[in-house]
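Take the sequence shown: its position 64, counted from the start at 1, is 71 in my numbering, and no numbers get skipped.
Every residue, glycine too, gets a C-beta built ideally from N, C-alpha and C.
Small disclaimer: the values here were computed from a predicted structure and weren't measured.
Take a look at the structure set out below.
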Amino acid sequence: RTRTAKYVLRFVSEQATGNVTNLQLHPNGSALISGHSDGVICVWDVATRDLQPLAFIRLWDSSADLHLQEQRIMPDGVHLLAKVHNKTGWQAVMILNLTSQQRIRTLTNEDGLSN
């Protein structure tokens with residue numbers, strides 16, 4: 008297991024930008040979703056070990072002072088929640104569609120979002 012985990016982390020970190028902040032396996036086991044410190048979420052094909060991501064979603068402009076805290080794939084395997092924050096305490100949850108690679112909605116502190 009440790010060797011596999013090291014391979015996956017090396018594979019993902021060599022192919023994407025920013026530090027890997029978290030990894031999650033797709034519910035059907037077909038893809039690995041990686042979240043990166045620079046606001047990028049990548050979807051990787053597990054079966055082929057393709058070096059190009061199936062999806063490359065940039066959550067924000069790289070100049071923004073934000074941090075991707077975590078991401079969670081919904082049980083439907085299509086939608087993903089990404090939690091982001093900055094140093095001042097502002098936070099948001101972004102709802103993404105992995106198929107269309109589009110942001111559906113963003114909920115922030117102003118919407119009543121809290122820890």
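Just to check my reading of the structure: residue i and residue j have Cβ atoms closer than 8 Å, yes? What is that Cβ distance to the nearest angstrom?
i, j, result
"Asp72", "Lys94", "7 Å"
"His92", "Gln76", "6 Å"
"Leu30", "Ser41", "5 Å"
Could you tell me whether the Cβ of residue i comes closer than 8 Å to any Cβ of chain D?
i, result
"His74", "The displayed structure is made up of one protein chain only, and chain D is not part of it."
Give the straight-line distance between the Cα atoms of residue i and residue j, rounded to the nearest whole angstrom.
i, j, result
"Thr9", "Val47", "Residue placement at Thr9 is poorly supported in this model, since its pLDDT is 49, which falls under 50; the coordinates still yield a value, given next. Answer to the nearest angstrom: the Cα atoms are 25 Å apart."
"Thr113", "Val85", "17 Å"
"Leu105", "Gln78", "12 Å"
"Ile102", "Asp118", "14 Å"
At what residues does the beta strand (DSSP E) containing residue i begin and finish?
i, result
"Thr28", "Val27 to Leu32"
"Gln98", "Gln98 to Asn104"
For a quick check, are the C-beta atoms of residue i and residue j less than 8 Å apart?
i, j, result
"Val27", "Ala38", "no"
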